[in-house]
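Input: a single structure, listed below in structure tokens.
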Amino acid sequence: DVKVTQSSRYLVKRTGEKVFLECVQDMDHENMFWYRQDPGLGLRLIYFSYDVKMKEKGDIPEGYSVSREKKERFSLILESASTNQTSMYLCASSFRGRSGYTFGSGTRLTVV
Amino acid sequence: AQSVAQPEDQVNVAEGNPLTVKCTYSVSGNPYLFWYVQYPNRGLQFLLKYITGDNLVKGSYGFEAEFNKSQTSFHLKKPSALVSDSALYFCAVRGFMIYNQGGKLIFGQGTELSVKP
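Keeping their order, the protein sequence lines are chains A and B. Residue 1 is where the first sequence starts when you use the numbering used here, and the numbers rise one by one after that. Residue 1001 is where the second sequence starts when you use the numbering used here, and the numbers rise one by one after that.
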């Protein structure tokens, strides 16, 4: 069964910490995405990547960065975590073209 | 601008009754349309998609959706709701795709479906 794996289901970090959220897919997908999900705001795109070492800003990139050194791995980095980054983070991947996304199970991050 | 609207934040249905979750879209060109479901504290799961062809699309768990080009709608339906269908449902559209940059899905805000026994 194809999978998108996010390294942590729940994470608690302190304000100011550098936080890494990891996402790995085993489907040889070209595209990978990071979203955050907050009540009443739906899914908001943070960053996406359509190829190795390529990245594009989404709708809310401020306070985040990403890394894609290998095709299967897309990391989201919170350079200095803040309480307003407490959220559910969802990773997704897709083939180029007509396909939809395959999502990971999500990481619920709490910044205290 | 490309967009997706789910006009209802919540839909309440009695078990055994038919259900409809509404979605309308605005996109350049021919749309690729998707429905996803999310159970509490989980990621989104794919339900069904419309790319081309028959306007009635059948998907997982007995769900189906009807594409209506003139009304720019893609409503999700099920003839007989189950309590286990209670979840958050997202409609998404994939429109114009810049060559070699993949394609982003644009998501609606989500509709909470509650099915009561």
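Beta carbons: idealized from backbone N, C-alpha and C, even for Gly.
**Request:** With distances taken Cα to Cα, identify the nearest neighbour of S1080(B) among L1033(B), G1062(B), F1067(B).
**Result:** G1062(B)
**Item:** Through-space distance from F1074(B) to V1057(B), alpha-carbon basis
**Value:** 10 Å
**Prompt:** So what does DSSP say about N1100(B), is it helix, strand or coil?
**Reply:** Confidence in N1100(B) is poor, its pLDDT being 48 and thus under 50, which makes the residue's placement unreliable; the coordinate value appears in the next sentence. Coil.
**Prompt:** By the criterion of Cβ-Cβ separation under 8 Å, what are the contact partners of F74(A) in chain B?
**Reply:** Simply none; closest approach about 13 Å.
**Request:** Please report the residue range of the beta strand (DSSP E) in which K42(A) lies.
**Result:** Reading off the sequence, residue 42(A) comes out as Gly, not Lys. Counting along the chain, the beta strand (DSSP E) containing G42(A) begins and ends at 42-49.
**Request:** Could you tell me if Y10(A) is buried or exposed, where buried requires 16 or more neighbouring beta carbons within 10 angstroms of its beta carbon?
**Result:** exposed
**Request:** Please name the residues in the stretch 1058-1073 of chain B whose beta-carbon is closer than 8 Å to at least one beta-carbon of chain A, in chain order.
**Result:** none
**Separation of N1017(B) from S65(A), as counted between CA atoms** = 46 Å
**Prompt:** Distance, Cα to Cα, E1064(B) vs S1070(B)?
**Reply:** 19 Å
**Asked** If you count every other CB in all the chains shown that lies within 10 Å of the CB of Y47(A), and 16 or more means buried, which is it?
**Response** buried
**Prompt:** Under 6 Å from any heavy atom of the ligand ADP, does the C-beta of L76(A) make it?
**Reply:** Within the structure as shown, the ligand ADP is missing, as the structure has no ligands at all.
**Residues bridged to E62(A) [DSSP beta-bridge criterion]** = BP columns for E62(A) are empty, so no partner.
**Prompt:** With T1072(B) and Q1010(B) assumed to form a contact (beta carbons below 8 Å), what rounded beta-carbon distance in angstroms separates them?
**Reply:** That belief does not hold up - the Cβ atoms of T1072(B) and Q1010(B) are roughly 23 Å apart, past 8 Å.
**Asked** Leaving out five residues before and five after E30(A) in sequence, what residues of the same chain have Cβ atoms less than 7 Å from its Cβ?
**Response** Y50, D51, F95, R96
**Message:** Contact criterion: CB-CB distance below 7 Å. Does L1113(B) meet it with respect to chain A?
**Reply:** no
**Request:** Work out the CA separation of V19(A) and G106(A) for me, nearest whole Å.
**Result:** 15 Å
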